[in-house]
Structure formats: structure tokens, C-alpha cells
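Residue numbering for the sequence shown follows the numbering used here, starting at 5 and increasing by one per position.
Beta carbons: idealized from backbone N, C-alpha and C, even for Gly.
Structure first, commentary second.
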Amino acid sequence: MAAKKYKAAVLGCAHIAVRSLIPELFNSPRFSLVAVASRDPAKARAVAELYAGVRWGSYDEIIHDRGIDLVYIPLPNSMHHEWIMNALKSGKHVLCEKSLVTEYAQLEGITAFARAQRLLVAENFQFRFHSQHRWVLDALAARKIGEVRVFRSSFGIPPLPAGNIRYSKDLGGGSLLDNGAYPLKALQFMLPGYDFTMKAATLRYGDSGVDISGGIYLDCPEGIVAELAFGMDNFYQCNYEIWGSVGKITANRAFTAPPGFRPRIIFETADGVENMEMPADNHFANMLLHIAECLDGGNFEEEYAQNLRQAAYIKQARELASAPANRP
5 MAAKKYKAAV LGCAHIAVRS LIPELFNSPR FSLVAVASRD PAKARAVAEL YAGVRWGSYD
65 EIIHDRGIDL VYIPLPNSMH HEWIMNALKS GKHVLCEKSL VTEYAQLEGI TAFARAQRLL
125 VAENFQFRFH SQHRWVLDAL AARKIGEVRV FRSSFGIPPL PAGNIRYSKD LGGGSLLDNG
185 AYPLKALQFM LPGYDFTMKA ATLRYGDSGV DISGGIYLDC PEGIVAELAF GMDNFYQCNY
245 EIWGSVGKIT ANRAFTAPPG FRPRIIFETA DGVENMEMPA DNHFANMLLH IAECLDGGNF
305 EEEYAQNLRQ AAYIKQAREL ASAPANRP
């Protein structure tokens with residue numbers, strides 16, 4: 005018996021949607037892309053016409069279409085809460101861009117409602133479905149670097165053009181929600197089972213009024229420390245490093261390895277350095293398969309828990325960065 009195909013629609017024609025998720029939804033063996041919406045009807049129509057059979061319309065038309073199972077939301081951060089709740093109230097599962105919300109309390113309400121309605125809310129951290137990380141997780145399980153001592157991760161990009169939504173406070177911009185979310189997620193994903201406590205955080209603000217870079221320090225009872233850095237006024241970095249008692253592993257294209265790209269893992273011990281080319285993979289397609297499997301089984305609790313942990317860390321980072329001791 006063939007696996008069920010779920011009907012999906014896209015609420016917004018952001019760059020990441022047009023470049024990555026819309027093509028993957030259209031080609032997915034587990035989803036049928038049926039509609040695309042935009043505040044600009046001409047833009048929605050132009051995107052929809054690239055894909056046979058895909059219609060276009062307004063946000064409200066898609067939300068109230070009872071034939072749609074899942075909505076993907078790539079809108080600005082400040083709009084996530086409103087449209088996630090609109091989708092859930094219409095009985096639709098949700099895949100939403102990171103960061104899911106701008107305030108932790110919003111996610112508490114979203115999660116309670118989604119749980120009561122038995123609906124999925126997933127945050128689009130597609131990198132966790134790239135096979136390069138499986139090699140790292142297996143190496144850690146085999147103790148190839150001994151006891152883990154330090155986790156470091158950086159995700160930073162050069163300045164963006166003036167007017168980019170990431171510089172808009174009203175739209176939920178800023179480097180913590182955009183870039184900093186990745187190292188925080190990577191820490192949880194690569195070192196599951198450790199109870200990390202955030203001890204310090206700093207945010208640097210630009211002329212636009214949003215944070216443009218920052219750093220976070222965490223530790224745990226097992227003695228592992230985590231040092232995270234991020235920004236959108238930086239030389240490009242997209243990595244994590246796991247330093248152990250007898251070795252070190254570094255992934256230098258940890259979050260944005262596109263389909264067809266073969267990322268490299270650097271494995272260092274006293275015996276030497278191995279610069280290993282990993283297989284190419286498609287983390288977007290893999291993520292959609294994972295979401296379909298969640299929908300098949302109705303197993304949403306792990307995604308809820310991940311969402312809440314992530315949002316709690318972002319809340320803590322803001323609080324620590326704004327504490328009197330950290331103010332200039």
C-alpha cells in the first residue's frame with residue numbers, strides 16, 4: 005500500500021521558500037504542493053505558474069481551504085504567531101521558519117492549542133536531517149574523541165542590503181532570532197541528553213535598533229562548556245567544533261550545505277588529521293520525509309519539546325544580555 009501523500013500549501017513567497025522549500029514540496033513523494041500565497045497576488049501567481057497544477061491565492065484563501073493538510077510559513081518572525089494560530093484553528097499542521105516566535109509565551113499558547121487539536125508544529129531547522137551529522141553523532145557514540153569537553157559553534161554572515169527584514173525591529177529581526185538560533189539548535193541536536201545552563205550572553209546592537217551580533221556561554225553538570233557566536237556583520241562562518249579529551253571534530257558547512265554539495269568533516273587526533281569529504285545530501289527532502297512520518301504516526305511531542313527548549317534558550321539569552329552587568 006502506497007504511503008499517504010499530504011496536501012501542502014505555502015503562505016508567503018520569501019526567498020527561502022522559492023529557492024528551497026517550494027521545489028522540494030512539489031517534488032516530494034510524501035507531499036502534494038497545491039497552492040502558494042503572497043500579499044502580492046502577482047508574485048504568488050508568478051511562483052505558482054512555475055509548477056503544474058499549483059494554484060495561487062491570498063493567505064486567507066489558503067488558511068480556509070479544508071483540503072490542505074499542512075501549511076509552510078516563511079513569513080517574517082513577527083507574523084509567525086498570528087498565522088501559526090490561524091492555521092491551527094483551521095485544522096492544519098504547520099511547518100514554520102525559524103525562529104518560531106518572538107516571545108516565549110506565544111509558543112506556550114501555540115503548543116497547548118496544537119496539542120489539544122493533535123496538530124504538528126515543526127520549526128524549519130533542516131540541517132538536522134543532513135547525513136554529515138549522523139557521522140559525527142556516531143563518532144561521538146563510539147568515543148572517537150574521548151570525553152567531550154567543549155562545543156563551539158559560529159554562524160555569521162556579512163552585512164545585508166539596507167532594508168532587509170532582518171534589520172526591522174517591527175518584523176522581528178535581529179541576529180539572535182536569525183543566526184544565533186542555529187548554534188543553539190546545533191548544541192541541543194549534537195549533544196542530546198545534557199542539561200545545559202546558560203551562564204552568559206551578549207548582544208551588540210546596530211543603528212537599526214536590532215541586535216546584529218552576539219555570543220552565548222553555557223555549561224552542564226558533566227563539565228562540558230559551550231561557546232556560541234553569531235552575527236550579520238561578520239565574515240561568513242557556518243560551523244561547529246566538538247573538542248574532546250583525545251580528539252576534535254569540526255564541521256565547516258554545518259547548517260547550509262545545499263543539495264549536491266559534499267561537505268567536509270575534519271577529524272583530529274594525536275595520530276593525525278583526516279579531512280573527510282562527506283556524501284552529498286538533501287536535508288530539505290529528508291526533513292519533509294520526517295514530517296510526513298510524524299503525521300503518519302501522530303507523534304508530535306518531540307517536536308513540541310524541541311520547539312519549547314529552543315524558545316526558552318532564546319528567552320534566556322535576551323534576559324542575560326539585558327541584565328545590568330551586561331549593559332554598556
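Judged by pairs of C-beta atoms under 8 angstroms, the segment 110-125 does not touch the segment 134-145, as fewer than three such pairs exist.
By DSSP's assignment, G276 forms a beta bridge with T273. Nearest to P283 by alpha-carbon distance, out of M291, P262, G167, E151, is P262. Going by DSSP, H294 is part of the alpha helix (DSSP H) stretching over 287-301. The three-state reading of DSSP puts S24 in helix, counting H, G and I together.
Rounded to the nearest whole angstrom, the C-alpha separation of S249 and F155 is 12 angstroms. Here the segment 163-177 does not lie against the segment 305-316, with fewer than 3 beta-carbon pairs under 8 angstroms apart. The closest CA to that of F131, considering only L312, A316, A296, D285, is found on D285. In terms of Cα proximity to F259, the closest of N90, A56, H68, L188 is L188.
Considered as a whole, the segment 56-97 harbours 63-67, 81-93 as its complete alpha helix (DSSP H) runs of no fewer than 4 residues, in chain order.
Secondary structure at K203: strand, using DSSP grouped into helix, strand and coil. Annotation: the continuous alpha helix (DSSP H) that includes L191 extends over 185-194. Ranked by Cα distance from L104, the options N311, A145, R257 are led by N311.
Annotated three-state conformation of K8 is coil, per DSSP.
Just measuring C-alpha positions, the residue of E278, R208, G218, Y244 sitting nearest Q192 is Y244.
By the Cβ-count criterion, L222 is buried, with 16 or more other Cβ atoms from all chains shown falling within 10 Å of its own Cβ. Secondary structure note for D215: its beta strand (DSSP E) is the uninterrupted segment 215-223.
Residue range 305-326 is occupied by the alpha helix (DSSP H) that includes N311.
In this structure the segment 118-131 does not touch the segment 147-162; the number of beta carbon pairs closer than 8 angstroms is below three. Residue state for L37 is assigned as strand, using DSSP reduced to three classes.
Around the CB of K203, fewer than 16 other CB atoms lie within 10 Å, so the residue is classed as exposed.
M236 is a Cβ neighbour of I216, given a cutoff of 7 angstroms. In terms of CA proximity to G184, A233 leads the group G177, A233, Q136.
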